[in-house]
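Residue numbers (my numbering): 105 to 410.
Heads up, the beta-carbon is just placed ideally off N, CA and C, and yes, glycines get one too.
Please read these numbers as outputs of a predicted model, since none were measured by experiment.
Have a look at the structure below before the remarks.
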């Protein structure tokens with residue numbers, strides 16, 4: 105649900121709504137200017153009937169956005185969340201579109217599949233780029249024709265499904281490489297949302313940290329410590345390669361190892377900013393392009409570090 109906490113707009117993922125197939129970050133705030141712009145775009149897309157493609161790094165909270173789109177729409181059916189990387193390559197057709205009774209040994213009854221289960225609601229496909237190309241073609245046909253044919257069935261079944269898909273890669277590049285269906289990509293591109301990485305939403309970091317601190321303090325029946333000014337600076341300077349999921353784990357750890365009434369930098373289990381910068385410099389010098397390496401060397405000379 106969406107509500108206010110610590111004086112900031114917050115989007116959370118209630119435990120009751122979790123799907124065993126979901127990969128998710130559990131909260132988003134909309135404090136940073138980029139986040140506020142994202143929320144405006146989300147509210148504009150939600151009531152429309154078009155499919156939506158959410159692009160963002162792993163751990164940023166793409167499923168949260170998808171669930172909010174479903175809640176803010178007028179669709180009365182279920183929100184069905186599926187991680188495409190977890191679908192069996194052998195039975196992908198049956199898992200997604202269902203199967204008729206007797207199609208498989210021991211299958212005495214029919215199954216609607218994920219698509220049929222979302223009839224009247226929203227189907228969320230996480231990492232849609234992991235779907236095999238033949239399934240992508242069938243998915244596009246189901247979306248365009250509003251019907252699916254279950255494995256072993258002789259007649260198609262009508263369906264009314266809104267698709268919200270997510271990806272952590274550039275699907276346009278996958279199309280160019282022949283790994284993603286071009287027409288499906290254009291079908292999804294009508295509604296797009298870009299979820300910035302947490303390092304690009306610095307204004308959200310402390311609000312999220314306070315939220316996770318409050319949640320875990322309540323869950324563990326512990327007093328809520330303050331986040332010291334030095335720890336706040338370290339949180340804001342960290343690059344957060346694991347995004348919101350990493351921040352949640354860091355705050356959980358800090359709460360368990362802190363001994364006073366403040367979270368200090370040493371409780372965060374994060375490298376100091378200098379260590380991060382040195383690591384990034386080494387990575388560019390070792391793996392960057394020739395032009396990147398030359399530019400970095402010149403910059404280090406200019407500031408007297410080389």
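Legend entry - Simplified DSSP assignment, three categories, for residue 340: helix
Legend entry - Distance CB(residue 312)-CB(residue 133) smaller than 8 Å: yes
Legend entry - Cα-Cα separation between residue 152 and residue 146, rounded to whole angstroms: 10 Å
Legend entry - For residue 298: DSSP bridge partner residues: 159
Inset, instruction - Select from 354, 322, 342, 335 the residue whose C-alpha is nearest the C-alpha of residue 369. - result: 335
Inset, instruction - With a threshold of 16 other CB atoms inside 10 Å of the CB of residue 114, please say whether the residue is buried or exposed. - result: buried
Inset, instruction - Could you give the DSSP three-state label for residue 314: helix, strand or coil? - result: helix
Legend entry - Own chain, CB closer than 7 Å to residue 71, minus 5 neighbours either side, in chain order: Outside the displayed range of the chain (105 to 410) lies residue 71, so it cannot be described from this structure.
Legend entry - Close-in-space but distant-in-sequence residues of the same chain around residue 196 (CB under 7 Å, 5 per side omitted): 236, 239
Legend entry - Exposure of residue 283, with buried meaning 16 or more beta-carbon neighbours within 10 Å: exposed
Inset, instruction - Grab me the residues of residue 379's own chain with a C-beta within less than 8 Å of its C-beta, minus the 5 sequence neighbours each way, in chain order. - result: Residue placement at residue 379 is flagged as unreliable, the pLDDT there being 49, under the threshold of 50; the coordinate-derived value follows with that caveat. Correct list: empty, nothing qualifies.
Legend entry - residue 185 - partner residues in DSSP beta bridges: 228
Inset, instruction - Quickly, what does DSSP pair residue 271 with across the bridge? List them, please. - result: 159
Inset, instruction - Please classify residue 180: is it buried, with 16 or more other beta-carbons within 10 angstroms of its beta-carbon, or exposed? - result: exposed
Inset, instruction - Can you say whether residue 365 is buried or exposed, counting buried as having 16 or more other CB atoms within 10 angstroms of its CB? - result: exposed
Legend entry - Environment of residue 398 [buried if 16+ CB atoms lie within 10 Å]: exposed
Inset, instruction - Would you decide whether residue 212 is buried or exposed? Buried here means 16 or more other CB atoms lie within 10 Å of its CB. - result: Only weak support is given to the placement of residue 212: the predicted model assigns it a pLDDT of 49, under 50, and the question is left unresolved by the model.
Inset, instruction - Give the secondary structure of residue 332 by DSSP, where H, G and I count as helix, E and B as strand, and everything else as coil. - result: coil
Legend entry - residue 137 - DSSP class collapsed to helix/strand/coil: helix
Legend entry - Beta-carbon proximity check, residue 185 vs residue 267, cutoff 8 Å: no
Legend entry - Option nearest residue 326 by Cα separation, candidates 341, 350, 245, 356: 356
Inset, instruction - Apply the 10 Å Cβ neighbour rule to residue 269 and answer buried if 16 or more other Cβ atoms are within range, or exposed otherwise. - result: buried
Legend entry - Closest by C-alpha distance to residue 232, when choosing among 349, 189, 171: 189
Inset, instruction - Please list, in chain order, all residues of the same chain as residue 358 whose beta carbon is under 6 Å from its beta carbon, the five residues on each side excluded. - result: 367, 371, 372
Inset, instruction - Whole angstroms is fine: what's the gap from residue 303's alpha carbon to residue 343's? - result: 5 Å
Legend entry - For residue 369, the three-state DSSP class (helix, strand or coil): helix
Legend entry - Cβ shell of residue 251 (< 7 Å), same chain only, five flanking positions each side left out: 260, 261, 262, 263
Inset, instruction - Using beta-carbon positions only, say whether residue 161 and residue 332 come within less than 8 Å of one another. - result: no
Legend entry - From 144, 320, 202, 174, residue whose alpha carbon lies closest to that of residue 256: 202
Inset, instruction - Please determine, among 222, 278, 215, the residue with the shortest C-alpha to C-alpha distance to residue 183. - result: 222
Inset, instruction - Taking residue 347 as part of the alpha helix (DSSP H), name the residues at either end of that continuous run. - result: 347-361
Inset, instruction - Determine the DSSP secondary structure at residue 255, reduced to helix, strand or coil. - result: strand
Legend entry - Identity of the residues DSSP links to residue 261 by a beta bridge: 252
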